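If you read the sequences in order, they're chains A and B. Take 3 as the starting number for the first sequence in the working numbering and just add one per residue. Take 3 as the starting number for the second sequence in the working numbering and just add one per residue.
Number of protein chains: 2
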Amino acid sequence: MAQLGRPREFDVDEALDKAMDAFWARGYEATSVADLMGAMGLQKGSIYKAFGDKHSLFLRALDRYLDEVIEAVKSAISSAPDERMAVRGWLSGVVAGRCSRSNRRRGCFAINSLVELAPHDPEVNTRLRRHLEQLRGLIVPVVAAGQSKGLLRDNASAEAATDMLIAFVQGIVADARLGRPAEHSSRLMETVLGLVEAK
Amino acid sequence: MAQLGRPREFDVDEALDKAMDAFWARGYEATSVADLMGAMGLQKGSIYKAFGDKHSLFLRALDRYLDEVIEAVKSAISSAPDERMAVRGWLSGVVAGRCSRSNRRRGCFAINSLVELAPHDPEVNTRLRRHLEQLRGLIVPVVAAGQSKGLLRDNASAEAATDMLIAFVQGIVADARLGRPAEHSSRLMETVLGLVEAK
DNA sequence: TTATTTCGGAACTAATCGGTTCCGAAATAG
DNA sequence: CTATTTCGGAACCGATTAGTTCCGAAATAA
Chain A
3 MAQLGRPREF DVDEALDKAM DAFWARGYEA TSVADLMGAM GLQKGSIYKA
53 FGDKHSLFLR ALDRYLDEVI EAVKSAISSA PDERMAVRGW LSGVVAGRCS
103 RSNRRRGCFA INSLVELAPH DPEVNTRLRR HLEQLRGLIV PVVAAGQSKG
153 LLRDNASAEA ATDMLIAFVQ GIVADARLGR PAEHSSRLME TVLGLVEAK
Chain B
3 MAQLGRPREF DVDEALDKAM DAFWARGYEA TSVADLMGAM GLQKGSIYKA
53 FGDKHSLFLR ALDRYLDEVI EAVKSAISSA PDERMAVRGW LSGVVAGRCS
103 RSNRRRGCFA INSLVELAPH DPEVNTRLRR HLEQLRGLIV PVVAAGQSKG
153 LLRDNASAEA ATDMLIAFVQ GIVADARLGR PAEHSSRLME TVLGLVEAK
């Protein structure tokens, strides 16, 4: 039954992406609704009708981002020839891709939101906890398989190694906000991989 | 020649600590001057006379925090029996001490500020770059000495290993904002130490 | 047609924002 | 005593905040 009335003239996902861009660059508190209007190319009324208030819009944008990240990690894993390259591909994606774009100093939208909002915003907190749990669920089996095949060191349990890698990723994307050259992050990644990969 | 007029009735450093507490908990943007008045126990007029505007007050508090961290790391290093224990002591201090207090979900004031402000606030940016450089300058010689004594793996260069440890610390303190149990950070630390320490 | 929905855009609210200024009282130095 | 400085506290500033409402126009479905 489609829908009554005049159809929406803008694409909801495109608008969400633009809102995400704005929040990503400046953070939640520092982004005013006027900023969002400019970034999204929409009028205030349209935004409130389509997304509710500022906080709801933020959550929608965050959810969209988190889904994209999980999908990207899944495809990075499934397209890798072996577990060693899967881990490598994941970290490379983090360093070079979404979480540290050509547009520097953005870091990772999830980590930025975590640091700014997670302690006081329960909805953001639960989303990010769930996200890290999902991520862990994707990585642990890869590490475990890699260890049993001798491709990765079994120095630590698969769970501990995964948690270590995730913490390390969080550090890299936080550090990215300083505006360091991408090469810096790449060197860091190679160091960590050197400790994790079997010789 | 002391000073003319009525002496200041509050302790500047104490007031800075309280301001730091407020900024630390909520971030820069979300902390209003009214919040600062409450936290510092001072009137608006007194704050502006003593510290100038909100941004200057923030920088003063940040400088104070960074100095304290550097001093803490120095003393952790100098009081350790060897280089291996020095690294261990530094990381333990990060996990248990200042950067992840009994008061949970605070993380590290420096990293919080880095993520929120470093991309757009040049004064914060330069301070944090300098801080990380200082930190690196303290740790690299320790790692180098530890490696040459066989206490630490020489898997990677001292510089690369130090950068890796620092990135890892940043990840831990960012993650702390999720409110995970302290045990989680401790396990992470042990995993990393297991990869760095010689067997 | 008629009912429905969205549009861009403006008008508007009540609250809060950071920041400034003035006050009389109190405490110090010279 | 006099000059100076800070105090707590209030008054006030213009600007901005998030959020709401109303408008006529336009586009769709039934």
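Every residue gets a Cβ at the ideal spot worked out from N, C-alpha and C, and that includes glycine. Model, not experiment: these values are computed from the prediction.
Next on the checklist: Contact between the segment 175-191 of chain B and the segment 105-124 of chain A is defined here as three or more beta-carbon pairs at a separation below 8 Å; is this criterion met?
Outcome noted: yes
Checklist entry - Going along the chain, which unbroken runs of the beta strand (DSSP E) with 3 or more residues stay wholly within the segment 108-138 of chain A? => result none
Next on the checklist: By alpha-carbon positions, which one of A/Ala-63, A/Ala-88, A/Pro-124 and A/Ala-163 ends up nearest to A/Ala-74?
Outcome noted: A/Ala-88
Checklist entry - Which residues bound the alpha helix (DSSP H) around B/Ala-24? => result 14-28
Item to check | Three-state class that DSSP yields for B/Leu-44 in the structure shown | outcome: coil
Checklist entry - Taking just the CA atoms, how far does A/Pro-9 sit from B/Ile-174? => result 47 Å
Item to check | Opening and closing residue of the alpha helix (DSSP H) in which A/Arg-189 lies | outcome: 184-198
Checklist entry - Is the shortest distance between the beta-carbon of A/Ala-4 and the beta-carbons of chain B less than 7 Å? => result With a pLDDT of 49 at A/Ala-4, under the threshold of 50, the modelled position of that residue is not reliable, and the figure given next carries that caveat. For A/Ala-4, the answer is no, since every Cβ of chain B falls outside 7 Å of its Cβ.
Checklist entry - Taking DSSP as the reference, what is the three-state secondary structure of A/Leu-59? => result helix
Checklist entry - For the segment 172-185 of chain B, which residues have a CB atom closer than 8 Å to at least one CB atom of chain A, in sequence order? => result Gln-172, Gly-173, Ile-174, Ala-176, Asp-177, Arg-179, Leu-180 and Gly-181
Item to check | Cβ shell of A/Ala-82 (< 7 Å), same chain only, five flanking positions each side left out | outcome: Ala-88 and Gly-91
Checklist entry - The alpha helix (DSSP H) with A/Glu-85 in it runs from where to where? => result 85-98
Next on the checklist: Output needed for A/Ala-21: all residues of its chain with C-beta closer than 7 Å, excluding positions within five of it in sequence on either side, in chain order.
Outcome noted: Leu-38, Ala-41, Met-42, Leu-59 and Ala-63
Checklist entry - If you count every other CB in all the chains shown that lies within 10 Å of the CB of B/Thr-193, and 16 or more means buried, which is it? => result buried
Checklist entry - Terminal residues of the continuous alpha helix (DSSP H) containing A/Asp-156? => result Where A/Asp-156 is concerned, there is no enclosing alpha helix (DSSP H), given that its DSSP letter is neither H nor E.
Checklist entry - Exposed or buried, which one is B/Gly-109 when buried takes at least 16 other CB atoms within 10 Å? => result buried
Checklist entry - What is the rounded straight-line gap between the Cα of A/Arg-28 and the Cα of B/Pro-121? => result 8 Å
Checklist entry - Taking Cβ positions only, does A/Ala-63 come closer than 7 Å to chain B? => result no
Checklist entry - Does the Cβ of A/Gln-149 have 16 or more other Cβ atoms within 10 Å, making it buried, or fewer, making it exposed? => result buried
Item to check | Whole-Å CB distance - B/Leu-190 paired with A/Ala-169, under 8 Å assumed | outcome: 5 Å
Next on the checklist: I need the DSSP call for A/Ala-74, collapsed to helix, strand or coil.
Outcome noted: helix
Checklist entry - Apart from the five residues on each side of it in sequence, which residues of its chain come closer than 7 Å, Cβ to Cβ, to A/Glu-161? => result Val-142
Checklist entry - So which residues of chain A does B/Pro-124 contact, with C-beta pairs closer than 7 Å? => result Near B/Pro-124 there are no residues of chain A at all, since even the closest Cβ is about 10 Å away, more than 7 Å.
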